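S.K.: Please see the structure below; I have some questions.
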Amino acid sequence: MPSIEIIIENCSKMTPVSSSSVTGEWLALELRRSTPDVCVIDCRNPSDFSQSHIGGAVNLTIPTLLFRRFANGKLNFESVIKCPDTKKKLMGALDNGKTIVICDDTHENPEEDSTGDSNASIQSVLLKRLAQDGHQIVSLEGGYTCFRLSYPEWCEGGCCSSEPPLMGLQSLRIDSCESVRSLDSLDSSLGLDDDNHSSSGSGLGSNHYPPPSPGFPVEILPHLFLGNAQNSEDAEALKKHGIQYILNVTPNLPNVFEDSGDIKYMQIPIDDHWSQDVANFFPEAISFIDEARQSGVGVLVHCWAGISRSVTITVAYLMYKLSMSLNEAYDFVRKRKANIAPNFNFMGQLLDFERQLNLSPACSCAAEKEGCRCRVPYFLTPGKKSPDSGIDFDRWS
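The opening residue of the sequence shown carries number 107 in the numbering used here; numbering runs sequentially from there.
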């Protein structure tokens, strides 16, 4: 399997190569629709598919004998699909004119593949045969691996890999039981210790990831909601939660209801990229959130996916208002919304913010004459943009 550096380099070079391929960005936008007009066929082996796959994808493997007859035009597509449920879904998608997206685990254009790999051959034959039958069919540039690295929020199942795991926030843990108990006490004092905020899967303090997040938007504190782009456009949901303030942490998403005068907006024009200075906006963002909450109305903090930029602002607010450490604030948010992962550069800025607020844990070397010998982690972040996917390809140093 290629090294993670090679995969990342290939992903960063992905541009449209032909009319029969689509980018991961295009697919992510299609999946974001309330009723996606695509159907994803995953040609990887079943064990890889069961570990992790694009949400809603169908796993298709064709026995060698049937595949040869299908490739030679002696069998039609329907006859090589043996699973009744898979057949029903795929034939329904074709009948409804949906775009079929073929996905495998390669990183090259299947039309140019010459490795002889069976999955690549299946992809190439499917592209040819279904196109001949008049169906709209395309391949996914970079394959599943590149898509998962850039858009993990659209993938389901575990993300097992033979490669060493990328170091990120989801690999961090708080082992102190006292920290978990203090968060539970804070829940109770804030009136948040209900069924939707159970402490049984306490984020970073647990050995397992917490259960799936509740539906968006997620209430972090009374009148403070964390969400995504879709929430910011949902007038019914905004009204239901009494949201009259919206903090838009993107440079290009529209403030949909600004002209109506019913909602007050603040926009922080930053990308989910290592070069962005989000900390510069902390004071203004905290003041904006406070203004809404003190008025007794809801405020929605959102970015595109609700995973990185908006989470960074929310964590900073908790640190400032509730004097939480970075770990405590992160854990507090993650108890309510499992799929959060600010990029490492933003985490570095939150770490600096923690020091500015004097919230850092006491140094164990403070009493020693030689001075502090604790190693403070810093972040190395290459210039790979991952728009609000919550993943930058970073490493601890």
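Where is the CB? At the ideal position from N, CA and C, for every residue including glycine.
As the structure is a prediction and not an experimental result, all values here were calculated from the model.
Specify the secondary structure class of Cys209 as computed by DSSP and reduced to three states.
M.R.: The sequence position of residue 209 within the sequence shown is 103, counting from 1. DSSP places Cys209 in strand when its eight states are reduced to three.
S.K.: Over the uninterrupted beta strand (DSSP E) stretch that includes Glu325, give me the two end residues.
M.R.: Counting from one through the sequence shown, the residue named residue 325 turns up at place 219. From DSSP, the beta strand (DSSP E) with Glu325 extends over 324 to 327.
S.K.: Decide yes or no for the touch test of the segment 185 to 203 against the segment 131 to 139: beta carbon pairs closer than 8 Å, at least 3 of them.
M.R.: No: fewer than three Cβ pairs fall under 8 Å.
S.K.: Considering only the beta carbon of each residue, do Pro448 and Ser393 sit closer than 9 Å?
M.R.: Here residue 448 refers to the residue found at position 342 when the sequence shown is read from its first residue. Here residue 393 refers to the residue found at position 287 when the sequence shown is read from its first residue. Not closer than 9 Å, so no.
S.K.: Identify, in the order they occur along the chain, each residue of the same chain with its Cβ nearer than 7 Å to the Cβ of Asp154, setting aside the five sequence neighbours on each side.
M.R.: Stepping through the sequence shown from its first residue, residue 154 is reached at position 48. Only Asp211 meet the Cβ criterion.
S.K.: Tell me which residue opens and which closes the alpha helix (DSSP H) that Gln382 is part of.
M.R.: The residue you call residue 382 lines up with position 276 of the sequence shown. Taken as a continuous stretch (DSSP letters only), Gln382 belongs to no alpha helix (DSSP H), as it is neither H nor E.
S.K.: Quick one: Cα of Val421 to Cα of Val403, how far?
M.R.: Position 315 of the sequence shown, counted from the first residue, corresponds to residue 421. Position 297 of the sequence shown, counted from the first residue, corresponds to residue 403. One C-alpha to the other measures close to 20 Å.
S.K.: Using the DSSP secondary-structure output, state which residues sit across from Met372 in a beta bridge.
M.R.: Translated into the one-based positions of the sequence shown, residue 372 becomes position 266. Its beta-bridge partners are Leu353.
S.K.: On the premise that Lys204 lies in contact with Cys145, defined as a C-beta separation below 8 Å, what is that separation, rounded to the nearest angstrom?
M.R.: As a working note, residue 145 is residue 39 in the sequence shown. As a working note, residue 204 is residue 98 in the sequence shown. So it is a contact: roughly 5 Å between Cβ atoms.
S.K.: For Cys283, which residues from the same chain have a beta carbon less than 6 Å from its beta carbon, with the 5 sequence-adjacent residues on both sides left out?
M.R.: As a position in the sequence shown, residue 283 is number 177, starting the count at 1. In this prediction, Cys283 has a pLDDT of 38, which is less than 50 and means its spatial position is unreliable; what the coordinates show is noted afterwards. Answer for Cys283: no residue qualifies.
S.K.: Using the rule of at least 16 other Cβ atoms within 10 Å of the residue's Cβ for burial, across every protein chain shown, is Lys441 buried or exposed?
M.R.: Position 335 of the sequence shown, counted from the start, is the residue given in the question as residue 441. So Lys441 ends up on the buried side.
S.K.: I need the boundaries of the beta strand (DSSP E) containing Gly348, first residue and last residue.
M.R.: Here residue 348 refers to the residue found at position 242 when the sequence shown is read from its first residue. No beta strand (DSSP E) contains Gly348, which DSSP labels as neither H nor E.
S.K.: With distances taken Cα to Cα, identify the nearest neighbour of Val164 among Cys261, Val231, Lys234, Gln242.
M.R.: The residue you call residue 164 lines up with position 58 of the sequence shown. Selected option, being the one with the closest Cα: Cys261.
S.K.: Tell me which residues share the same chain as Arg287 and place their Cβ nearer than 7 Å to its Cβ, disregarding the 5 neighbours each side in the sequence.
M.R.: Within the sequence shown, numbered from 1, the residue matching residue 287 stands at position 181. In this predicted model, Arg287 has a pLDDT of only 45, less than 50, meaning its place in the structure is not dependable; the value taken from the coordinates is given anyway. Once the five neighbours on either side are set aside, Arg287 has no close Cβ partner at all.
S.K.: Just how far apart, CA to CA, sit Ala435 and Asn386?
M.R.: Here residue 435 corresponds to residue number 329 of the sequence shown, with the count starting at 1. Here residue 386 corresponds to residue number 280 of the sequence shown, with the count starting at 1. Their Cα atoms are separated by approximately 19 Å.
S.K.: How far does the beta strand (DSSP E) with Ile243 in it extend, from its first residue to its last?
M.R.: Counting from 1 along the sequence shown, the entry for residue 243 is found at position 137. Per DSSP, Ile243 belongs to the beta strand (DSSP E) from 243 to 246.
S.K.: With 9 Å as the threshold, decide whether the Cβ of Ser185 is near any Cβ in chain B.
M.R.: Among the chains in the structure shown there is no chain B, since it carries only a single protein chain.
S.K.: Please list the terminal residues of the continuous beta strand (DSSP E) segment that includes Cys409.
M.R.: If you number the sequence shown from 1, residue 409 lands on position 303. First-last for Cys409: undefined, no H or E at that position.
S.K.: If I follow the unbroken alpha helix (DSSP H) through Phe450, where does it start and stop?
M.R.: Within the sequence shown, the letter at position 344 stands for residue 450. That run of the alpha helix (DSSP H) goes 450 to 462.
S.K.: Between Leu133 and Leu246, which are expected to be in contact by the criterion C-beta below 8 Å, what is the C-beta distance as a whole number of angstroms?
M.R.: Here residue 133 refers to the residue found at position 27 of the sequence shown. Here residue 246 refers to the residue found at position 140 of the sequence shown. Indeed, because the Cβ distance is near 6 Å, the residues count as touching under 8 Å.
S.K.: When the Cα atoms are used, what is the spatial distance from Asn525 to Ala341?
M.R.: Nothing about residue 525 can be reported from this structure: the residues present for the chain run from 107 to 503 only.
S.K.: Rank Tyr423, Leu166, Ser127, Gln242 by C-alpha distance to the C-alpha of Thr192 and give the top, closest one.
M.R.: Stepping through the sequence shown from its first residue, residue 192 is reached at position 86. Taking only the C-alpha atoms, the option nearest Thr192 is Leu166.
S.K.: Between the Cα of Phe173 and the Cα atoms of Gln238, Val405, Asn361, Lys188, which residue gives the shortest distance?
M.R.: By one-based count along the sequence shown, residue 173 stands at place 67. The residue with the shortest Cα to Cα distance from Phe173 is Lys188.
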